[in-house]
Amino acid sequence: MEDILDVTDLTMKFDSKVVFQNLNFKLKKGSMTALLGPNGAGKTTLINILMDLLDPTAGNYKFSDQIKLGYVPQFRNIDQDYPLSIKAFVGLNAPLIKNKEVKKQIEHQLQETNLTGIQNTRMGRASGGQKQRAYLAQALLDHPNMIILDEATASLDPVAKQELMNLIDHLNKKHNMTVLFVTHDVALAKKYMNDYLYLDHASIRQGKMADFKEDYE
Ligand SMILES: Nc1ncnc2c1ncn2[C@@H]1O[C@H](COP(=O)(O)OP(=O)(O)OP(=O)(O)O)[C@@H](O)[C@H]1O
Ligand SMILES: [Mg+2]
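Letter by letter, the sequence shown follows residues 1 to 217 in this note's numbering.
Written as structure tokens, this is what we have:
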């Protein structure tokens, strides 16, 4: 399988504080990787660099040319009174003028994420799992071939977690989506991810999820 991402000697410092130093790893196209590590290890910082939101202090990363990134953020509580429907919220990531083709795309992604039946529910009234699926549907409108989830399942109940992960699994199997999943949930990662990256003490380790030992955490 070809590499989709190649990270070389990546270093990040905030002032004099070293978050990580000389990280080296590669991700394969179509891989499912859990990004693990204790609080403050630098997982979100690494993701922000990969999404071009932060400049690293040193080192490089290179995505393959056809890469298109999608992103699902950590669960945030949306105000109960938030007025947009799930459908309108998903459509925020579509062109302003909703022609037939755009409407079809939105409908398709609502279907992919099992939201069609509740598309008119207000986002503020949706459950945590439904909100996360709406973020996923929003990201899918861009037709990404790699998706990054930063603690997207944190604070979801077990059923909602499985639903979101089953969707991710489906995207991987059906559309060969490459997945990078930041989580503290080792059991969930073992169930759904094939590989891990473990970030701690400014360095990174990579391996098969099946070989990951809980006591690393
Ligand atoms: N903009 C910033 N300025 C200064 N320090 C920062 C900044 N962003 C992050 N840090 C620091 O960098 C370190 C890594 O933070 P980061 O949020 O990447 O960790 P994390 O692994 O995502 O943690 P968590 O599991 O809690 O989400 C922390 O010590 C944090 O305080
Ligand atoms: Mg984080």
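We put the CB at the ideal spot given by N, CA and C, even for glycine.
Beta-carbon proximity of A154 to F75, cut-off 8 Å: The Cβ atoms of A154 and F75 lie closer than 8 Å to each other.
At the level of alpha carbons, what is the spacing between D65 and D157? Those two C-alpha atoms are separated by around 37 Å.
At a threshold of 7 Å, does K43 count as lining ligand 2 (C-beta to nearest heavy atom)? It does: the Cβ of K43 is within 7 Å (strictly closer) of some heavy atom of ligand 2.
Of all the options I168, G42, Q130, K131, which has the alpha carbon lying nearest to the alpha carbon of P144? If we check each option's Cα against that of P144, I168 comes out closest.
Presumed contact (8 Å Cβ cut-off) between L180 and T33, rounded CB distance: At roughly 5 Å, the Cβ-Cβ gap stays under 8 Å, so L180 and T33 are in contact.
So is the beta-carbon of L59 under 7 Å away from any non-hydrogen atom of ligand 1? A small fix is needed here, since residue 59 is Gly in this sequence, not Leu. For G59, the shortest separation between its Cβ and any heavy atom of ligand 1 does not lie below 7 Å.
Among all the DSSP beta bridges, which residues are the ones paired with Y196? DSSP lists A34, G207 as partners of Y196.
I'd like to confirm something about E2: is its beta-carbon nearer than 7 Å to some heavy atom of ligand 4, or not? Looking at this structure, you won't find ligand 4 anywhere; what it does contain is ligand 1 and ligand 2.
So for A137, helix, strand or coil by DSSP? The DSSP-derived three-state label of A137 is helix.
Could you please give the first and the last residue of the uninterrupted beta strand (DSSP E) stretch that includes M146? Note, M146: beta strand (DSSP E), 146 to 150.
Burial state of Q109, where buried means 16 or more other Cβ atoms lie within 10 Å: With 16 or more other Cβ atoms within 10 Å, it is buried.
Quick one: Cα of E228 to Cα of L141, how far? What is shown of the chain runs 1 to 217, which leaves residue 228 out entirely.
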